[in-house]
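Asks: Take this structure first; my questions come after.
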Amino acid sequence: MAVIEKFIEAYTKKLDFYREAARFCSQICETTMEQMGIRTIVTSRAKKPERLRNKLEKREFDKKYNTFEDIMDDIADLSGVRIALYFPGDLSKVQQFIESNFTVKERRIFPEPVQPLWEKEHDYKKRFSGYWATHYRVYLKEKDLSEDTLKYSETLIEIQIASALMHAWAEVEHDLVYKPYSGELSFEEYQILDELNGLVLAGEIALERLQKAVKNRVSQVGKDFNNHYELAMFLYNKLGHTTESSQSDIVLGRVDLLFQCIKTSEYNNPESLKELLLAINHDIKTHPVVEQIIDKFRSTHPDIYEKYHEEKQSEELKYQFDTLRMNRENGNRQGEANTLANIGYIYSSKENYDEAIQYFAKAVGINHEIGGIQGEANQLLNLGSTYRFKGDLDQALEYCNRAAELHKKISYKQGQANTLGMIGNIYSDRVNYKEAFVHYKEALEIYRETKYRTGEVIQLNNLGMLFLKQRDFELALQYYFEALETCQDCDYKQGEGDAFQNIGTIYFENGKLEDAIMFYEKALSVQESTGNQKNSIGVLLNLGKVYHEKAIREKAIYYFKEAYLLSNSIEYKKGAEEAQEYIELLQ
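All residue numbers for the sequence shown refer to this note's numbering, where the first residue is 23 and numbers rise by one.
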């Protein structure tokens, strides 16, 4: 028992940690379920110390705990999330979401083919099957975590999925049968619990029928969608009309935003959307259905297309400001600094560089106050990058040099390489190609030493661009093809798209227009699959220029208009202005 008491003592001290890990996981689940148009109630909790003690003491006889590791291996639900479904028929969609967005250690499906505790220890024989649910034991993926939440990546979290009815019954049953506080239950009490279970199972069948009735209603001609849940139900039904399991393979995306953008338009009804859905490929996991629908609006209804992307960006900024307020209220200074940096990124992507600089500078200040040297260095580098975008190369170089000193001080190799690459960019902008080459090569060597393939690709592309500027096409192509080979070897799609585009540019510069088109089209396909809209704009502009050079006016105008619409949707002024100049020239 001594090890149990010590574990409870240690666990109590970390209770807030487990509670926050569960809350963070539940936020991901709740937000995504809402966006997908799946009705759920999502809750989270950390196991109460007293409940945990009782559970460990009961299991001690069989488990014989000797160490903390023995307990951790046995108890998987210190952090727990519960997803209660309005409609049991949505289970397969939620399962697909869990398996795609978390690292799954184990999945358990109930009822299990074992005799329940009721029947082992008491005379009452159940008539109904009991608890129907799916439990996942998962880890959060590092890509979804910021610097201040990365600590939760190794925490095992149990996610329980069942209907809202089943969760209610299970809560009552669990507390009465497994945690009786006033003696053993009578035969009649077991009988009533069994009877209630039967009613719950019958209720789930009724909910499945209700869901089908709603599907039929929202598919009727002449009926507008009342909310994004109805829109989602229609999309699932039309794209995966054969079985529920086929619907679970469909990745819808931001149905909530789609509804906001079409609710006052002619497309807020089944018959208008049906035509659009004929060209949708719902087998593409990396390009959600909603994004494909929005892409269809790019040329036909640019107002809907632009509104969707504006809403998306505004929502992200609102989320970051909400997070900033929460971090300040909780006194989380590191979280505050990280969120300020995130806000800076958003303003920088909108080319609002003055605002971006303010937020990056605040992040630098907080990191300096709390001794976060790596964070301070990273944000100094962001300041250097932003001043470069503004065209202030002196300020850019000053901040990058300060970042380099701090990265070197803490021996952070990747940070050193990132900074060397940015300094190389600044020297390249200054047409000091010799210094740019030295910095790019040094960055490349560090990335290779640390086996960071993404950084290696970036520097190979930088070196190719450097020789392209000097009109040394042979060396430029050599670096670009090396970058392309590295990308394909490590499945780095963004770098692959950049390499295709860069190779296309060399062929364009050499007058090999058909080769240029071939590589630009490959680049566009990859960039669109990654969702990198700014890079897609660059490729669209280049395709327009090639067709302009070939004197194929209609095709040139088409690509310039596509670039213009996409630029406006993400508030990319430079891209919109360049596209507009060509459109006016050709019309």
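Positions of the beta carbon are idealized from the N, C-alpha and C atoms, including for glycine.
Can you list, in chain order, the residues of its chain with a C-beta nearer than 8 Å to that of GLN57? Leave out the 5 residues immediately preceding and following it.
Replies: GLY275, ARG276, VAL277, ASP278 and LEU279
Asks: Output needed for ILE592: all residues of its chain with C-beta closer than 6 Å, excluding positions within five of it in sequence on either side, in chain order.
Replies: HIS331 and GLN555
Asks: Taking only runs that begin and end inside the segment 404-447, name each unbroken alpha helix (DSSP H) of 4 or more residues, in chain order.
Replies: 415-431
Asks: Tell me the DSSP secondary structure of ILE592 in three-state form.
Replies: DSSP places ILE592 in coil when its eight states are reduced to three.
Asks: What residue from ILE445, ASN447 and GLU464 has the CA that sits closest to LYS435's CA?
Replies: When each option's Cα is compared against that of LYS435, the closest is GLU464.
Asks: How is TYR580 classed by DSSP in three states: helix, strand or coil?
Replies: Correct three-state label for TYR580: helix.
Asks: Kindly list the residues whose CB is nearer than 7 Å to the CB of GLN438, restricted to its own chain and excluding five residues on each side of it in sequence; keep chain order.
Replies: Around GLN438, the same chain offers ALA426, HIS429, LYS430 and ILE468 as residues with beta carbons nearer than 7 Å, after the five sequence neighbours per side are excluded.
Asks: Take THR34 and list the residues in its own chain whose beta-carbon comes closer than 7 Å to its own, dropping the five residues that flank it on each side.
Replies: PRO71
Asks: Could you have a look at VAL240 and say whether DSSP puts it in helix, strand or coil?
Replies: helix
Asks: Can you tell me which of GLN342, THR286, GLN523 and ASP84 puts its alpha carbon nearest to the alpha carbon of ILE326?
Replies: THR286
Asks: On a Cα-Cα basis, can you pick out the residue from VAL160, TYR161 and PRO133 that is closest to ALA192?
Replies: PRO133
Asks: Output the distance between the C-alpha atoms of THR265 and ARG320, rounded to the nearest integer angstrom.
Replies: Note on THR265: pLDDT 43, under 50, position unreliable in the model; the coordinate value appears next. In a straight line, the C-alpha of THR265 is about 32 Å away from that of ARG320.
Asks: According to the neighbour-count rule (16 or more other Cβ atoms, all chains shown, within 10 Å of its Cβ), is GLU603 buried or exposed?
Replies: exposed
Asks: Going by DSSP, what residue range makes up the alpha helix (DSSP H) through ALA301?
Replies: Where ALA301 is concerned, there is no enclosing alpha helix (DSSP H), given that its DSSP letter is neither H nor E.
Asks: What beta strand (DSSP E) runs, 3 residues minimum, are completely inside the segment 166-214?
Replies: For the segment 166-214, the continuous beta strand (DSSP E) assignments of 3+ residues that do not extend past its boundaries occur at 179-185, in sequence order.
Asks: Considering just the uninterrupted stretch of the beta strand (DSSP E) at GLU128, what are its terminal residues?
Replies: 124-132
Asks: Closest Cβ-Cβ distance between TYR158 and chain C: below 8 Å?
Replies: Absent here is chain C; the protein component of the structure consists of one chain.
Asks: Among GLU478, GLU518, ASN532 and THR476, which one has its Cα closest to the Cα of PHE495?
Replies: ASN532
Asks: Who are VAL103's beta bridge partners in DSSP?
Replies: SER66 and ILE181
Asks: So, are the CB atoms of LEU362 and LYS384 less than 8 Å apart?
Replies: Yes, Cβ-Cβ distance for LEU362 and LYS384 is below 8 Å.
Asks: Buried or exposed: ASN400, going by 16 or more other Cβ atoms within 10 Å of its Cβ?
Replies: Note on ASN400: 16 or more other CB atoms within 10 angstroms of its CB, so buried under the neighbour-count rule.
Asks: Measure from the alpha carbon of ALA43 to the alpha carbon of each residue in GLY102, LYS491, THR62 and GLY526, then state which is nearest.
Replies: GLY102
Asks: Report the rounded CA-to-CA distance for ILE539 versus CYS47, giving the unit in angstroms.
Replies: 45 Å
Asks: Does the Cβ of LEU562 have 16 or more other Cβ atoms within 10 Å, making it buried, or fewer, making it exposed?
Replies: buried
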